[in-house]
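Engineer: I'd like to ask some things about the structure below.
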Amino acid sequence: FFNEYGSLQIVDRVDNMVIVGGENVYPTEIERVIPELEAMKEGIVLSLPDHIMGRELIFVYRGDVTDSKVKEWRNHLLTKLTNFKVPRRFVNVAELGFAEFPKAANGKVQRAKLQRRLEEVFGAAGGKAETKRDNAGDFVTEKTTSVFKEIMQIDEVRPDQCMENTPSWDSVNHLQLVMTLEQKFGVTFGAAQIAEITSLDSIIREVSKLRSGQRSQS
């Protein structure tokens, strides 16, 4: 692309570009932050198909680290990158059957080989909507909260969790939240409902109403 000075700036190979929620993401933008990640021996960014966002960014790394360290990495990336550029999943290269990153004779990581292996191990994202029936509101609350935390990339929720106190709740994540809940619960939000769900409580209420409507019609 051309920067503000009118100079052509090369970000990455075009065929490495990943489209996430309609936005162009170049893996090298994310990989430039790797030297800042403590205990990260090596890492690259790949992707898998996602039925909602188009592609899901996957951070493949090498290193024996704890889950808390991975959370630290994610939180650091959130301070450096736009939210949709932060990978939602971190995968140790050992999970793909490699002790080290496979490399060509010139020392470069064989991205294509890792990509193929990633798809073999994890496959495409997606699946059928959950149609589990229950009479308790706990299921809706727990499932909705779990989806919310995953998409907003937060570990805990507040009693008053809403757009105003959730920095990661932008338009892209709002759309992903709605579409994921529709897929998980097999419901459909109306335009007015999508505009009105601005807090976690309101989301849970709307999902419960939609599920109740389904049961009354069945």
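In this text, residue positions in the sequence shown follow the working numbering: the first is 12, and each later residue adds one. Every residue gets a Cβ at the ideal spot worked out from N, C-alpha and C, and that includes glycine.
1. With distances taken between CB atoms, is the gap from Glu207 to Thr199 smaller than 8 Å?
2. Under the assumption that Val71 contacts Val44 (Cβ atoms under 8 Å), give the Cβ distance between them as a whole number of angstroms.
3. For the alpha helix (DSSP H) containing Asn184, list its first residue and its last residue.
4. Any chance the stretch 183–190 sits against the stretch 110–130, with 3 or more Cβ pairs inside 8 Å?
5. Just to confirm my understanding: we take Ile30, look at its own chain, exclude 5 residues before and 5 after, and list those with CB closer than 8 Å. What are they?
6. If you draw a straight line from the C-alpha of Gly138 to the C-alpha of Asn184, how long is it?
7. Taking contact to mean 3 or more Cβ pairs, one atom from each stretch, closer than 8 Å, check whether the stretch 125–132 and the stretch 47–59 are in contact.
8. So who's on the other strand from Val31, going by DSSP bridges?
9. The beta strand (DSSP E) spanning Ile55 covers which residue range?
10. Report the three-state DSSP secondary structure of Glu111 (helix, strand or coil).
11. Measuring CA to CA, which of Phe196, Lys52 and Trp180 is closest to Leu221?
12. Given that a residue counts as buried once 16 or more other Cβ atoms are within 10 Å of its Cβ, and exposed if not, what is Glu49?
13. In whole angstroms, what separates the C-alpha of Trp180 from that of Met174?
14. Assuming Glu34 contacts Phe112 (C-beta within less than 8 Å), just tell me the rounded distance between them.
15. Can Asp149 be considered in contact with the ligand NAD, in the sense that its beta carbon sits closer than 7 Å to one or more heavy atoms?
16. Short of 6 Å in beta carbon distance, which residues of its chain neighbour Trp84, apart from the five on each side in sequence? Order them along the chain.
17. Return yes when the Cβ of Ile41 is within less than 8 Å of the Cβ of Leu89, no when it is not.
Structural biologist: Judging by the given coordinates:
1. One thing to note: Glu207 has its Cβ no nearer than 8 Å to the Cβ of Thr199.
2. Not confirmed; about 15 Å, so no contact.
3. Ser182 to Phe196
4. Not touching, per the Cβ criterion.
5. Val36, Gly65 and Arg66
6. Note that Gly138 has pLDDT 32, beneath the 50 cutoff, so the model's placement of it is unreliable and no number is given.
7. Touching, yes.
8. Val31 pairs with Glu34.
9. Glu53 to Asp61
10. coil
11. Phe196
12. With a threshold of 16 other beta carbon atoms within 10 Å, Glu49 falls short and is exposed.
13. 6 Å
14. The beta-carbon distance between Glu34 and Phe112, rounded to whole angstroms, is 27 Å. This is too long to meet the 8 Å contact definition.
15. Ligands in the displayed structure: none, and consequently the ligand NAD is not present.
16. Leu48
17. no
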